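S.K.:
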Amino acid sequence: MNDEAVPFDDRGLAYGDGLFETVLVRDGQPLLWDEHMARLEEGCHRLGIAFPGHDRLACLPACSGPGLHVLKLIVTRGSGGRGYLPPTDAEPRLRWRSSPFSPRRAHWTDGVRVRLCELRLGHQPRLAGIKHLNRLENVLARQEWSDPDIAEGLLSDSSGRLIEATCMNLFWQYGPRWETPSLARCGVEGTLRAGLLRQCSLHEVDRGSDVLLEADSLWLGNSIQGIWPITSLVDSSGQLLRAWSTASLDRSLQAEAHALLGYPLPA
């Protein structure tokens with residue numbers, strides 16, 4: 004654990020000037036580590052922050068010990084600068100913590116209820132895909148509901164295109180075709196999503212929310228929780244829009260995802 008106090012003038016604290024990763028670790032071995040490091044390195048490149056280095060980061064998962072853990076890494080630009088202008092000689096600050104973890108296994112089998120969010124994501128292609136520290140849109144969206152039976156909220160952008168859930172990526176099956184929203188303008192390119200794009204026939208598309216009512220199945224996924232089927236969708240007022248049965252689901256995408264994470268496929 005390396006989570007000592009952050010100085011008052013840290014730019015990550017002051018401006019969200021930094022990045023983070025949350026990595027699933029099993030018995031000291033990180034899952035989708037290459038994808039996490041690629042996203043972190045790309046984020047550092049986009050923000051102009053010095054990457055901490057693969058050797059420095061590679062030893063951290065082993066500190067988690069036996070069992071399942073989530074390793075959270077935070078990299079900020081460090082301290083200094085005048086207002087928003089960063090210093091030319093900034094020294095990046097790395098903080099990390101590993102915590103025991105247990106996935107929501109019932110969601111793998113029974114599925115989840117989700118809602119449409121009222122908040123719309125703004126476009127900023129220079130930040131699209133990376134996991135930067137300024138997640139205020141997601142915070143505001145997550146404040147829209149308090150019903151514990153609603154597992155997630157689905158977000159569209161300012162043009163009405165589907166993008167993601169508040170902390171998971173979105174997938175759907177449309178006939179024989181598997182699709183996921185394009186994240187060229189906004190949203191987080193999840194590492195599980197990256198792994199599935201690499202080895203599955205998964206298509207990135209621009210679609211509006213109408214596809215949610217037409218799809219044969221909807222799914223949510225990330226590199227920590229695995230893949231959840233969506234069984235019911237409600238609007239922002241709680242009105243049911245569509246329901247799906249888990250009885251005859253094509254679980255091929257879930258099987259691919261869980262193989263990447265070492266999770267079992269529901270019976």
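Taking my numbering as reference, the numbering of the sequence shown is continuous, increasing by one, and the terminal residue is 270.
All C-beta atoms, glycine included, are put in the ideal place defined by N, C-alpha and C.
Values in this document were obtained by computation on a predicted structure and should not be read as measured data.
Which partner residues does Leu74 have in the DSSP bridge list?
M.R.: Val26, Ser101
S.K.: Residues bridged to Arg116 by DSSP?
M.R.: Bridge partners of Arg116: Ile153, Ser235.
S.K.: Return the bridge partner residues of Asp6 from the DSSP annotation.
M.R.: Looking at the DSSP output, Asp6 sits in no beta bridge, so it has no partner there.
S.K.: Evaluate the contact criterion for the stretch 85-101 versus the stretch 126-133: three or more CB pairs, one atom per stretch, below 8 Å.
M.R.: Touching, no.
S.K.: Are the Cβ atoms of Leu122 and Leu97 separated by less than 7 Å?
M.R.: no
S.K.: List the endpoints of the continuous beta strand (DSSP E) containing Trp222.
M.R.: 220-225
S.K.: Where does Trp181 sit, in a helix, a strand or coil, going by DSSP?
M.R.: Three-state result, Trp181: strand.
S.K.: DSSP on Phe268, reduced to helix/strand/coil?
M.R.: The residue you asked about is not Phe; residue 268 is Leu in the sequence shown. DSSP places Leu268 in coil when its eight states are reduced to three.
S.K.: Counting along the chain, where does the alpha helix (DSSP H) carrying Ala197 start and finish?
M.R.: 194-202
S.K.: Identify whether Trp44 lies in helix, strand or coil by the three-state DSSP scheme.
M.R.: Looking at the sequence itself, residue 44 is Glu, so the reference to Trp does not match. Helix, per DSSP.
S.K.: Could you name the residues that DSSP lists as bridge partners for Asn172?
M.R.: Paired residues: Gly224.
S.K.: When DSSP labels each residue in this structure, what does Leu165 get in the three-state scheme?
M.R.: strand
S.K.: From which residue to which residue does the beta strand (DSSP E) around Val208 run?
M.R.: 205-208 is the span of the beta strand (DSSP E), which, as asked, contains Val208.
S.K.: Check whether the Cβ atoms of Leu244 and Asp238 lie closer than 7 Å to each other.
M.R.: yes
S.K.: Comparing C-alpha positions only, which one of Leu216, Gly19, Ala197 sits nearest to Leu186?
M.R.: Ala197
S.K.: Exposed or buried, Ala260, counting other C-beta atoms within 10 Å across all chains shown (16 or more means buried)?
M.R.: buried
S.K.: What did DSSP end up calling Ala250 once you bin it into helix, strand or coil?
M.R.: coil
S.K.: Do Ser67 and Gly31 count as a contact pair if the criterion is CB distance below 7 Å?
M.R.: yes
S.K.: Pull up the CB-CB distance for Gly83 and Asp12, whole angstroms please, since I reckon it's below 8 Å.
M.R.: 7 Å
S.K.: Check each candidate in Gln176, Asn172, Pro184, Arg201 and name the one with the smallest Cα separation from Gly193.
M.R.: Asn172
S.K.: Per DSSP, which one or two residues make a beta bridge with Pro33?
M.R.: Partner(s): Val28.
S.K.: With a threshold of 7 Å on Cβ separation, who are the neighbours of Asp152 within its own chain once the five nearest residues in sequence on each side are excluded?
M.R.: Here Asp152 has Arg116 as same chain residues with Cβ atoms under 7 Å from its own Cβ, once five neighbours each way along the sequence are excluded.
S.K.: Tell me the DSSP secondary structure of Gly56 in three-state form.
M.R.: coil
S.K.: Cα-Cα, which of Asn137, Arg42, Glu155 is closest to Ala17?
M.R.: Considering only alpha carbons, the answer is Asn137.
S.K.: Where does Gly19 sit, in a helix, a strand or coil, going by DSSP?
M.R.: coil
S.K.: Between Gly21 and Glu167, what straight-line distance do the alpha-carbon atoms span, to the nearest angstrom?
M.R.: 21 Å
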